[in-house]
Every structure is written in C-alpha cells, then in structure tokens.
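Here is the structure we will look at, set down as structure tokens.
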Amino acid sequence: MKSFAAALRASLPVLLGYSTIGLAFGLVLTGAGLPWILSPLMAVSIYAGAAQFMGVGLLASGASLFDIGLLTLLMNARHAVYGLSMLERFRGSGLRKLYLIFGLTDETYGLLTTVQVPAQLAEQAGGVHSFYTWLTLLNQSYWVAGCTLGAIIGQLLPFDTTGLDFALTALFIVLLMEQIRSVRRFEPYLFAVIAAVFAFLAADSRDFLLIALLVAIGLLSLFRTRLEDKSVSSSKPDKIPGGNKL
Amino acid sequence: MTGYLTAIFLMTIITLFTRAAPFLFFAKRQVPPLLVYLQRYVPPVVMCLLVLASYKDIAFSRAPYGLPALLGGLCTALLHLWKRNVLLSIAGGTALFMVLTRLL
Numbered sequence: 302m303k304s305f306a307a308a309l310r311a312s313l314p315v316l317l318g319y320s321t322i323g324l325a326f327g328l329v330l331t332g333a334g335l336p337w338i339l340s341p342l343m344a345v346s347i348y349a350g351a352a353q354f355m356g357v358g359l360l361a362s363g364a365s366l367f368d369i370g371l372l373t374l375l376m377n378a379r380h381a382v383y384g385l386s387m388l389e390r391f392r393g394s395g396l397r398k399l400y401l402i403f404g405l406t407d408e409t410y411g412l413l414t415t416v417q418v419p420a421q422l423a424e425q426a427g428g429v430h431s432f433y434t435w436l437t438l439l440n441q442s443y444w445v446a447g448c449t450l451g452a453i454i455g456q457l458l459p460f461d462t463t464g465l466d467f468a469l470t471a472l473f474i475v476l477l478m479e480q481i482r483s484v485r486r487f488e489p490y491l492f493a494v495i496a497a498v499f500a501f502l503a504a505d506s507r508d509f510l511l512i513a514l515l516v517a518i519g520l521l522s523l524f525r526t527r528l529e530d531k532s533v534s535s536s537k538p539d540k541i542p543g544g545n546k547l
Numbered sequence: 477m478t479g480y481l482t483a484i485f486l487m488t489i490i491t492l493f494t495r496a497a498p499f500l501f502f503a504k505r506q507v508p509p510l511l512v513y514l515q516r517y518v519p520p521v522v523m524c525l526l527v528l529a530s531y532k533d534i535a536f537s538r539a540p541y542g543l544p545a546l547l548g549g550l551c552t553a554l555l556h557l558w559k560r561n562v563l564l565s566i567a568g569g570t571a572l573f574m575v576l577t578r579l580l
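Chains as they are written, first to last, in this note's numbering: chain A, 302 to 547; chain B, 477 to 580.
This is the structure in structure tokens:
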C-alpha cells in the first residue's frame, strides 16, 4: 500500500481540477437534455475531458456516427504523441499496461512525466508501475466522481443553461494557447487559417473539419524541410508544464 | 438511448485507439520521420481549426454581430494569459458569454 499512499499524495493537484471540470461536464450534459446516467458512463468508458464535452454537443444535435468518430479522432490524436514518449516507461508493466494506456489523459501524462517516483518504490520490483497504476486510477476516480455529481445536481436543480456550451469553445481556446506556448512557430497556425478559409469556401459545412485538416496536413508535408530546418526543439518530447490541461 | 450508447461506444474505441496506437505500431519499430514531424505540428493545427470551427457558423452580419462569442473568447484568452488557470479561463469566458447572450 506504500505505492497507494505515494500516488494519493502525488495526485492531489489533479483532484481539484478533475472534480470541478467533471462537475461542469455533468451540468452541461444534463443542461443539453441528455439522460444524467450518460455522464458517469462517459467518464468511465471514454475518459477524455475535451472529447466528452464535444461529444455532448454532437449527441444533443444528433450528429452522424461518422462525424462523431472523426471528431473524436481529431480531438484525441494528441494522445498518440503522449504514448510515443511513454513506450519506455510502461515497458515490463504486464497486464497493468492495458489500464495505463487506457488512462493516458493530458493530466495523467503531465503527472507521470513530471512527478518524482519515491526512491523506496523505484528500487522495489514493480514498484514504479504499481505507483503509476494507482496514480492513473485515482485520477480517473476524481473525474468519475465529478462527472457523476455534476449530472445529479443538474438533474435535481434544473436551471437555464443556455450558452453553457460555450465552455467547449473556451476549452479549445485554452488548448490552442497552450499549443502556442509549446510550439513557437507561426507556420502551423498560418496553414490552419489558410486551410480553414479554403474549407469554408469550398466545402460543405458538414465536411469543414475533415477538408481543412487534410489541406493543412498537405501544407505541413509540403513545407517539411522549412519547418524541420529551423525547428529548435523538435527532437525533445512534449512536456506539459504543470499538467495543466484536460 | 441505443443511439447514445452506440456513439459512446464508438468514442470509447477511438479514444482508446489514439492512446494505444504508439504501443501497437512502434513498440519494436522506429517511428517514421514524417510521422515524428507531423505528431509535433498536427496538434497546434487541430486546436486552431477547432477554434475556427466554433466560430464559423456565427452570423456576424446581424445583431448581436457575434459579440458574445467574440468577447467571451477574448475574455478566455486574456484570463489565460494572466493566470494560466484552465478552470478560471473557461469559467470566466463562458460566464461572460452567457450574460451577453441574455443582454444583447
């Protein structure tokens, strides 16, 4: 149980963030008119804050499965980046690896890559992975608790939630600013704007994101030599300072 | 309800796939250079596109001229520059948006 106690201490910063954002999620979900039980269900199964917020908007507006699948892929593609830098750390963790991979959210990744594993555990066989697993499990329990509580409150005390869905736009803005902080090149943003204008003019509103993304990836591939040439930090793995994301 | 459950199941599978992909494909193999390059620059592109997508259907030509969304977004950005507290930035911008949609 030493690893549990250490993980509990290390996870406390996430407790505040996850329980409150989860609470907001539950309120948004019930505010959108969805059955409250979907909130804990999504927290247990999907377990991805930004994608869940987006999912509520899509479910409530009756989006097609294709759109839901594509947007989830776009929204969570960044998680693939995290996995690349965890390949070594998770090696040899056996079956626990399945859960460690499932629970690799922004916050958990931020914590796993920044927290100091207690020396006692680091020496013990399997100690590090036991610590990682507790940390991941505790983080998810905070998220599930917040999402459940928010949905119950939203169900019991219905209030006018018009405009609460702007939280999703605000979340995108925050995530964009965090990207700007870590990727200090103007080209990706310029490409995104060019691609968006193209998709806005040329494509059906429904296909906007798909077309824009394809155009932007095309532009990125085209200007690869330019971007790789002057790129200073492209060889370093991404670090999330403070793990301050969803 | 079945429609909701199908969609949630799909989101679960795809989210898990994005997290598992590196372990499935590159546990024993080198990551191709193009992918290493794209994994760095695609996330900023996606975030930028998601913000633009949130604003693309707003009617800027008639009252309230998209002001709630523009000011709400600006408020989020300024709060984030100031405190860099995710919760505060989102709550502040959303609260302003909700107030403005009721007043304007």
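All C-beta atoms in this analysis are idealised placements derived from N, C-alpha and C, irrespective of residue type, glycine included. It should be emphasised that the depicted structure is a prediction, and the values quoted were computed from it without experimental measurement.
(1) What residue range is occupied by the uninterrupted alpha helix (DSSP H) comprising A:Trp444?
(2) So, at 6 Å on beta carbons, what are the nonlocal neighbours of B:Thr491 in its own chain, with the 5 sequence-adjacent residues on each side left out?
(3) Going by beta-carbon coordinates alone, are A:Leu385 and B:Phe502 separated by less than 9 Å?
(4) Just to make sure I have the definition right: I need the residues of chain B whose C-beta is within less than 7 Å of the C-beta of A:Ala513. Which are they?
(5) Apart from the five residues just before and just after A:Asn545, which ones in its own chain have a Cβ nearer than 6 Å to its Cβ?
(6) Tell me the rounded alpha-carbon separation between A:Gly334 and B:Thr478.
(7) Could you confirm whether any beta carbon from chain B is found closer than 9 Å to the beta carbon of A:Gln441?
(8) Which term fits A:Gln441, buried or exposed, when burial requires 16 or more other beta carbons within 10 angstroms of its beta carbon?
(9) By the 8 Å beta-carbon criterion, what residues does the stretch 535-560 of chain B contribute toward chain A?
(10) State the Cα-Cα distance for the pair B:Leu572 and A:Phe509, rounded to the nearest angstrom.
(11) Taking the straight line between their C-alpha atoms, what separation do you get for A:Leu458 and A:Pro336?
(12) Between B:Gln506 and chain A, is any beta-carbon pair separated by less than 9 Å?
(13) With three or more beta-carbon pairs closer than 8 Å as the criterion, would you say the stretch 370-388 of chain A touches the stretch 521-529 of chain B?
(14) Under a three-way DSSP split, which group does B:Pro540 fall into?
(15) Can you name the residues of chain A whose CB is closer than 7 Å to the CB of B:Leu580?
(16) Relative to the C-alpha of A:Leu450, which candidate in A:Ala308, A:Ala306 and A:Ala344 has its C-alpha closest?
(17) My output table needs one value for B:Thr488: the three-state DSSP class, helix, strand or coil.
(18) Between A:Ile338, A:Val429 and A:Leu330, which has its C-alpha nearest A:Met279's C-alpha?
(19) Using a C-beta to C-beta distance shorter than 8 Å, which residues of chain A count as neighbours of B:Thr577?
(20) Could you give the distance in angstroms between the alpha-carbon of A:Ala504 and the alpha-carbon of A:Val516?
(21) Determine the closest residue to A:Tyr410 out of A:Ala311, A:Glu529, A:Thr470 and A:Leu366, with distance taken between C-alpha atoms.
(22) Does the stretch 430-439 of chain A come into contact with the stretch 379-398 of chain A, if we say contact requires no fewer than three beta-carbon pairs (one atom in each stretch) closer than 8 Å?
(23) Taking the CB atoms as reference points, tell me whether A:Ala468 and B:Ile566 lie closer together than 9 Å.
(24) Examine chain A for any beta-carbon lying closer than 9 Å to the beta-carbon of B:Pro520, and answer yes or no.
(25) Rounded to whole angstroms, what's the CA-CA distance from A:Ile481 to B:Pro520? Just pull it up for me.
(26) If you check the beta carbons only, do A:Thr470 and B:Gly542 fall under 9 Å apart?
(27) Between which two residues does the alpha helix (DSSP H) harbouring A:Met355 extend?
(28) In the structure shown, what three-state DSSP assignment does A:Arg507 receive?
(29) Along chain A, which residues have their Cβ under 7 Å away from the Cβ of B:Thr488?
(30) Is it true that the CB of A:Met387 sits closer than 9 Å to the CB of A:Ala349?
(31) Would you report the Cα separation of A:Ser362 and B:Leu547, rounded to the nearest angstrom?
(32) Among A:Leu528, A:Leu401, A:Phe305 and A:Ser506, which residue has its Cα nearest to the Cα of A:Glu488?
If we stick to the structure as given:
(1) Per DSSP, the unbroken alpha helix (DSSP H) holding A:Trp444 starts and ends at Gly428 to Leu457.
(2) Excluding residues within five positions, none has a Cβ falling inside 6 Å.
(3) Judged by beta-carbon spacing, B:Phe502 lies within the 9 Å limit of A:Leu385, meaning their Cβ atoms are closer than that value.
(4) Leu525
(5) Below a pLDDT of 50, predicted positions are generally treated as unreliable, and A:Asn545, at 45, falls in that range; the measurement from the model is reported next regardless. Nothing meets the Cβ criterion.
(6) 16 Å
(7) no
(8) buried
(9) Within the stretch 535-560 of chain B, the residues whose Cβ lies closer than 8 Å to some Cβ of chain A are Pro544, Ala545, Gly548, Gly549, Thr552, Ala553, His556, Leu557 and Arg560, listed in chain order.
(10) 28 Å
(11) 14 Å
(12) Taking Cβ atoms only, chain A never reaches closer than 9 Å to B:Gln506, which makes this a no.
(13) By the Cβ rule, the stretch 370-388 of chain A counts as touching the stretch 521-529 of chain B, because three or more pairs are nearer than 8 Å.
(14) coil
(15) Simply none; closest approach about 11 Å.
(16) Among A:Ala308, A:Ala306 and A:Ala344, the Cα nearest to that of A:Leu450 belongs to A:Ala344.
(17) helix
(18) The structure shown does not extend to residue 279 of chain A, since chain A is modelled only from 302 to 547, so the question has no answer here.
(19) Thr463 and Gly464
(20) 12 Å
(21) A:Ala311
(22) In the pairwise beta carbon analysis, the stretch 430-439 of chain A is classified as touching the stretch 379-398 of chain A: at least three pairs are separated by under 8 Å.
(23) yes
(24) yes
(25) 7 Å
(26) The answer is no: Cβ separation not under 9 Å.
(27) From DSSP, the alpha helix (DSSP H) with A:Met355 extends over Gly350 to Ala361.
(28) In the structure shown, A:Arg507 sits in a helix (DSSP, three-state: H, G or I).
(29) Within chain A, the residues near B:Thr488 are Ser346 and Ile347.
(30) No, the pair does not count as a contact, with Cβ atoms beyond the cut-off.
(31) 25 Å
(32) A:Leu528
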